[in-house]
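Novice: Please find one structure pasted underneath; my questions will follow.
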Amino acid sequence: MLFGANLILLWIPFLAALDGNVCPTRCDCTALPSTNIKTNCSHRDLTSVPVFPDTTEELYLHNNHLTSIPPGAFDNLLSLAKLDLSQNPLHCDCNIRFLTKWLEIVGLDSGAKCVTPPDLNGTSVGDLGVTQTVSCSPPVRPCSHFLVTDVFLFIFLFSLLFLMIWCLRTLRTIRFKIKVNDVEVNLNHGRSLVIGSIKRRFQVSGRS
């Protein structure tokens, strides 16, 4: 009987995972009178958004280090009635648009505000689609950047060409010197052979 009870306890986390009601490791989950869940993940130094129980009705994510909210992070929270995203250093680029649209659809005020870029600092994420325009294009580089790049590229190519010419001329000079030395060695060797043969002939003729 005791073995069966322990087996049931071991299966509880697995069944809860299948049901989508596992509380994130660094959060606290408590039951509400509505039988739904209040998930408290505030002040946990979170840098990414965890997966929340499907029955979460209240979600607190304030005072963390979240710079972005991935698309679809709250799509499974069909019972969500309260969301707090305040006091997070959110970066409001093109990826924040989904959150703005989602907050508009569900009618929630999350308290989320942009921290970067500087021109959007302090702007409510829920107001981005109304009063502010979020740029989705990469920053435009000034013409001076391309001019400096072209100058460095020209200097590099010119230096490379000069080095190639110098190497070719040096190689040609080295080959010529080696060839001349070979000829001199052959000539000297030939002379020694000729002189040696003359001496031998002279010695032979003297004996006869």
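Residues -17 to -1, 1 to 191, numbered by mature numbering (1 follows the signal peptide of the UniProt record, and there is no 0), are exactly what the sequence shown covers, in order. Every residue, glycine too, gets a C-beta built ideally from N, C-alpha and C.
Quick check: the Cα distance between proline 53 and valine 32, rounded to an integer number of angstroms?
Specialist: Cα-Cα distance, rounded: 8 angstroms.
Novice: Is the beta carbon of leucine 49 less than 8 angstroms from the beta carbon of leucine 29?
Specialist: For leucine 49 and leucine 29, yes; Cβs fall inside 8 angstroms.
Novice: Could you spell out the range, first to last residue, of the beta strand (DSSP E) harbouring lysine 65?
Specialist: Counting along the chain, the beta strand (DSSP E) containing lysine 65 begins and ends at 65 to 67.
Novice: Contact defined as beta carbons within less than 8 angstroms: I believe cysteine 75 pairs with leucine 111. What is the distance between those atoms, to the nearest angstrom?
Specialist: The pair is a contact, with the Cβ atoms about 6 angstroms apart (cut-off 8 angstroms).
Novice: Looking at C-alpha atoms only, which residue of Ser17, Ala95 and Val34 is the closest neighbour of proline 7?
Specialist: When each option's Cα is compared against that of proline 7, the closest is Val34.
Novice: Starting from residue 216 and walking both ways along the beta strand (DSSP E), at which residues does that stretch end?
Specialist: Residue coverage of the chain in this structure runs from -17 to 191, which leaves residue 216 outside it and unanswerable.
Novice: In the DSSP assignment, what residue or residues form a beta bridge with aspartate 11?
Specialist: According to DSSP, which records beta bridges pairwise, aspartate 11 is partnered with Asn23.
Novice: Starting from leucine 82 and walking both ways along the alpha helix (DSSP H), at which residues does that stretch end?
Specialist: Looking at the DSSP string, the run of the alpha helix (DSSP H) that includes leucine 82 is 80 to 89.
Novice: Among the candidates Asp102, Glu40 and Met147, whose CA atom is the shortest distance from the CA of aspartate 67?
Specialist: Ranking the options by Cα distance to aspartate 67, first place goes to Glu40.
Novice: If we ignore side chains and look at the alpha-carbon of each, how far apart do asparagine 47 and valine 98 end up?
Specialist: When rounded, the distance between both Cα atoms is 13 angstroms.
Novice: Comparing alpha-carbon positions, which option in Pro72, Leu42 and Ser69 lies nearest asparagine 59?
Specialist: Among Pro72, Leu42 and Ser69, the Cα nearest to that of asparagine 59 is on Leu42.
Novice: With a 10 Å radius around its C-beta and 16 neighbouring C-beta atoms as the bar for buried, classify glutamate 167 as buried or exposed.
Specialist: Model confidence at glutamate 167 stands at a pLDDT of 49, short of 50, so the residue's coordinates are unreliable; what they give is reported in the following sentence. Glutamate 167 should be labelled exposed.
Novice: Identify, in the order they occur along the chain, each residue of the same chain with its Cβ nearer than 6 angstroms to the Cβ of arginine 9, setting aside the five sequence neighbours on each side.
Specialist: Excluding positions up to five away in sequence, the list reads Arg27.
Novice: Between threonine 106 and aspartate 11, what straight-line distance do the alpha-carbon atoms span, to the nearest angstrom?
Specialist: Approximately 29 angstroms, taken between the alpha carbons.
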